[in-house]
Amino acid sequence: MGDLGFWPLVHLALLIYAAIQIFGSSADTTKKIIWIVIVALFPLVGLIIWFFIGPGTPKK
Numbered sequence: 746m747g748d749l750g751f752w753p754l755v756h757l758a759l760l761i762y763a764a765i766q767i768f769g770s771s772a773d774t775t776k777k778i779i780w781i782v783i784v785a786l787f788p789l790v791g792l793i794i795w796f797f798i799g800p801g802t803p804k805k
C-alpha cells in the first residue's frame, strides 16, 4: 500500500465518515463546527468521544 500503510487510511476513512455524519446531524451549525474541530484536533480520542456522545440525531 505504499508508504502510508493501512492504519492511516483506516483513520482517514473514519474521519471522513464522522465529518459526513456530523454535517448531516440535526445539531446547529456552531455545534457541528465544534465537533469537527474536536475530531480533527484529537484524532483517536475525538472519534471515540464523537461515537459515544455525537452532535445529535440525523436529519429526517
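So the sequence shown is numbered by the working numbering: it starts at 746 and just counts up by one.
We put the CB at the ideal spot given by N, CA and C, even for glycine.
Residue i versus the options, residue with shortest Cα-Cα distance
i: Ile-793; options: Leu-759, Ala-772 and Ser-770; result: Leu-759
i: Lys-776; options: Leu-757, Gly-791, Tyr-762 and Gly-799; result: Gly-799
CB of residue i within 9 Å of CB of residue j, strictly
i: Met-764; j: Ile-783; result: Sequence check: residue 764 is Ala here, not Met. No, they are not a contact pair.
i: Trp-795; j: Ile-761; result: no
Residue i, buried or exposed, once every other Cβ within 10 Å from all chains shown has been counted against 16
i: Trp-752; result: exposed
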